[in-house]
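Visitor: When you read off a place in the sequence shown, starting at 1, and then add 7, the result is the number in our numbering. Backbone N, C-alpha and C fix where the C-beta goes; we use that ideal spot for every residue, glycine too.
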Amino acid sequence: MLNCAETARLLLSWEDIVVLSHASPDGDTLGSAAALLRGLTALGKRVGFYCADPVPEKYRYLFRGLELGEFAPQHVVTVDVADVSLLGDAWEKYGSLVHLAIDHHATHRAFTEDRWVEGDSAAAAELIYLLLGEMGVSIDPAMAGNIYTGLTTDTGCFRYRSVTPRTHRIAAAVMELGADAGEINRLMFESKSKAQVEAERLVMEGMEFFCGGRCAMVQVPRRVYQETGAAESELEGVAAMPRQIEGVVIGVTLKEKEDGSVKASVRMNPPGSAADLCAKFGGGGHQGAAGCSFPGKTMAQAAQEMKAACQAYLAELEAQGCRLE
């Protein structure tokens with residue numbers, strides 16, 4: 008396991024670097040990647056970027072003005088990738104060249120020769136900020152905006168329990184360096200298309216409560232996108248909604264992917280751990296937020312299995328004497 012200084016030295020010794028984000032990309036993996044790419048470019052490195060899925064429209068500003076090349080890389084770096092399965096076809100394209108992983112998930116499963124993982128960081132963007140400083144990069148407004156995007160999206164605009172004093176200090180630092188925090192937060196949290204509003208309405212109408220109201224589940228079948236015209240990325244925020252309801256300890260969102268598979272996003276309030284629950288299905292993440300997949304299962308089957316797992320997990324917590332509110 009590397010630390011920040013060792014990671015910086017490694018990257019400084021490399022040329023021709025491609026940075027990978029995880030599939031179904033969010034603001035942290037994309038903001039971290041874009042900031043790192045800009046930093047490496049400033050150091051004279053030739054850089055490229057790849058993600059198994061297209062960059063959602065609302066995140067495209069992160070890469071504005073970046074000069075990305077098409078070349079055979081010498082080294083490949085992943086950012087915010089907790090498990091090789093999250094890379095999608097990127098592993099098939101670059102697997103043998105993936106030499107470094109930079110991640111903030113405590114459940115990180117090693118898949119590279121070298122890695123820098125800090126499981127108590129609120130976002131991978133925190134690590135990228137520290138790394139750029141260690142490499143001697145002067146952070147410009149574009150890099151600052153990239154880092155701020157990663158921070159605010161992975162912390163729910165700094166509302167989650169994962170946020171630490173360091174998170175706020177880094178956010179303040181990048182604001183001083185030119186990050187337009189107000190505009191970024193507006194784009195991320197206060198701007199919705201009519202299609203997105205209609206899709207959220209359809210999804211929330213079907214919310215189901217179980218385990219005495221301590222669990223809430225919403226399901227997002229493919230027909231929601233077809234009926235409303237909403238993009239899949241526009242429903243990222245739905246995963247946080249079930250847990251926001253008073254009395255809910257576990258919030259579950261099931262999404263049907265384009266290939267027919269089902270992905271679960273779990274949000275949990277203390278004393279439970281979303282990562283522990285998702286680990287029962289081979290997934291992982293953080294205490295408050297985690298995910299897993301149900302390959303080969305229908306939405307109904309995934310819902311049934313997740314309900315049973317939630318009930319069993321709550322029983323485990325009660326047996327341990329945990330107070331569930």
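Could you give the distance in angstroms between the alpha-carbon of MET224 and the alpha-carbon of LEU138?
Guide: Counting from one through the sequence shown, the residue named residue 224 turns up at place 217. Counting from one through the sequence shown, the residue named residue 138 turns up at place 131. Cα-Cα distance, rounded: 38 angstroms.
Visitor: Please report how far the alpha carbon of HIS112 lies from the alpha carbon of GLN251, in whole angstroms.
Guide: Locating residue 112 in the sequence shown gives position 105, counting from the first residue. Locating residue 251 in the sequence shown gives position 244, counting from the first residue. So the alpha carbons of these two residues sit roughly 23 angstroms apart.
Visitor: Keeping to the same chain, check which residues put their C-beta closer than 8 angstroms to that of GLU325; ignore five residues upstream and five downstream.
Guide: Stepping through the sequence shown from its first residue, residue 325 is reached at position 318. Spatial neighbours of GLU325 in its own chain (CB-CB distance under 8 angstroms, excluding positions within 5 residues in sequence) are listed in chain order as LEU331.
Visitor: Can you tell me which of the three DSSP states ILE191 falls into?
Guide: Position 184 of the sequence shown holds residue 191. In this structure, ILE191 counts as helix in the three-state DSSP scheme.
Visitor: Going by the DSSP bridge assignment, what does TRP123 pair with across the sheet?
Guide: Within the sequence shown, the letter at position 116 stands for residue 123. Paired residues: ILE109.
Visitor: Give me, in chain order, the residues of the same chain whose beta-carbon lies closer than 6 angstroms to that of TRP98; leave out the 5 immediate sequence neighbours on both sides.
Guide: The sequence position of residue 98 within the sequence shown is 91, counting from 1. Within the same chain, TRP98 has close Cβ partners VAL91.
Visitor: Less than 8 angstroms between the CB atoms is what I'm expecting for VAL88 and HIS29, so what's the real figure, rounded?
Guide: On the sequence shown, position 81 is the one that residue 88 refers to. On the sequence shown, position 22 is the one that residue 29 refers to. Going by Cβ atoms, the distance from VAL88 to HIS29 rounds to 5 angstroms, so yes, they are a contact pair.
Visitor: Please specify which runs of the alpha helix (DSSP H), each continuous and at least 4 residues long, are wholly inside the stretch 245-296, giving them in chain order.
Guide: The qualifying runs are 281-286.
Visitor: I need the boundaries of the alpha helix (DSSP H) containing GLU133, first residue and last residue.
Guide: Along the sequence shown, read from residue 1 onward, the residue named residue 133 stands at position 126. Where GLU133 is concerned, the enclosing alpha helix (DSSP H) stretches over 131-141.
Visitor: Alpha carbon to alpha carbon, how far is LEU134 from ALA186? Give it in angstroms, no decimals.
Guide: Translated into the one-based positions of the sequence shown, residue 186 becomes position 179. Translated into the one-based positions of the sequence shown, residue 134 becomes position 127. If you take the alpha carbons of ALA186 and LEU134, they lie about 17 angstroms apart.
Visitor: Give every residue of the same chain whose Cβ lies closer than 7 angstroms to the Cβ of GLY163, excluding the five residues on either side of it in the sequence, and list them in chain order.
Guide: The residue given as residue 163 occupies position 156 in the sequence shown. Closer than 7 angstroms at Cβ, skipping near neighbours: ALA247.
Visitor: At 3 residues or longer, and completely inside the stretch 66-90: list those beta strand (DSSP E) runs for me, N to C.
Guide: 82-86
Visitor: Beta carbon of GLY34, beta carbon of THR156: below 7 angstroms?
Guide: Locating residue 34 in the sequence shown gives position 27, where the first residue counts as 1. Locating residue 156 in the sequence shown gives position 149, where the first residue counts as 1. For GLY34 and THR156, yes; Cβs fall inside 7 angstroms.
Visitor: Output the residue ranges of the alpha helix (DSSP H) runs that lie fully inside the stretch 173-231 and measure 4 residues or longer, sorted by chain position.
Guide: Complete alpha helix (DSSP H) runs here, min 4: 188-196, 201-212.
Visitor: Only counting the same chain, and skipping five residues up and downstream in sequence, which positions put a Cβ closer than 7 angstroms to that of THR69?
Guide: For the purposes of this step, residue 69 is taken as the residue at position 62 of the sequence shown. Note that residue 69 is Leu in the sequence shown, not Thr. These residues qualify, in order along the chain: LEU37, GLY38, ALA41, ASN153, THR156.
Visitor: Rounded to a whole number of angstroms, what is the C-alpha to C-alpha distance between SER268 and VAL84?
Guide: Translated into the one-based positions of the sequence shown, residue 268 becomes position 261. Translated into the one-based positions of the sequence shown, residue 84 becomes position 77. Those two C-alpha atoms are separated by around 27 angstroms.
Visitor: With DSSP as the reference, label ILE24 as helix, strand or coil.
Guide: Here residue 24 corresponds to residue number 17 of the sequence shown, with the count starting at 1. Three-state DSSP puts ILE24 in a strand.
Visitor: Is TYR167 helix, strand or coil by DSSP?
Guide: Indexing the sequence shown from 1 puts residue 167 at position 160. Looking at TYR167 - three-state DSSP - the assignment turns out to be coil, as it is neither helix nor strand.
Visitor: In angstroms, rounded to a whole number, what distance separates the CA positions of LYS65 and GLU323?
Guide: Taking the first residue of the sequence shown as position 1, residue 65 is located at position 58. Taking the first residue of the sequence shown as position 1, residue 323 is located at position 316. Cα to Cα, LYS65 sits roughly 40 angstroms from GLU323.
Visitor: For the beta strand (DSSP E) containing GLY51, list its first residue and its last residue.
Guide: For this step, residue 51 is matched to residue 44 along the sequence shown. Counting along the chain, GLY51 falls outside any beta strand (DSSP E), and DSSP gives it neither H nor E.
Visitor: Going by DSSP, which residues form a beta bridge with SER145?
Guide: Position 138 of the sequence shown, counted from the first residue, corresponds to residue 145. For SER145, which the question treats as bridged, DSSP gives no partner whatsoever.
Visitor: Does DSSP classify GLY328 as helix, strand or coil?
Guide: As a working mapping, residue 328 is identified with position 321 in the sequence shown. Coil at GLY328, not helix or strand.
Visitor: Taking the alpha carbon of LYS201 as the point to measure from, which residue in GLU241, HIS175, VAL256 has its own alpha carbon closest?
Guide: As a first step, residue 201 must be located in the sequence shown, where it is residue number 194. Nearest C-alpha to LYS201: GLU241.
Visitor: Tell me, to the nearest whole angstrom, how far the beta carbon of VAL181 is from that of ALA151; I am working on the premise that it is less than 8 angstroms.
Guide: As a working mapping, residue 181 is identified with position 174 in the sequence shown. As a working mapping, residue 151 is identified with position 144 in the sequence shown. That belief holds up - the Cβ atoms of VAL181 and ALA151 are roughly 4 angstroms apart, short of 8 angstroms.
Visitor: In whole angstroms, what is the alpha-carbon distance linking GLY292 and LEU261?
Guide: By one-based count along the sequence shown, residue 292 stands at place 285. By one-based count along the sequence shown, residue 261 stands at place 254. Here the C-alpha atom of GLY292 lies approximately 16 angstroms from the C-alpha atom of LEU261.
Visitor: Within 10 angstroms of the Cβ of ARG71, are there 16 or more other Cβ atoms? Answer buried if so, exposed if not.
Guide: Here residue 71 refers to the residue found at position 64 of the sequence shown. The residue is exposed, with fewer than 16 neighbouring Cβ atoms inside 10 Å.
Visitor: Kindly identify the DSSP beta-bridge partner or partners of SER39.
Guide: By 1-based counting over the sequence shown, the position of residue 39 is 32. According to DSSP, which records beta bridges pairwise, SER39 is partnered with nothing at all.
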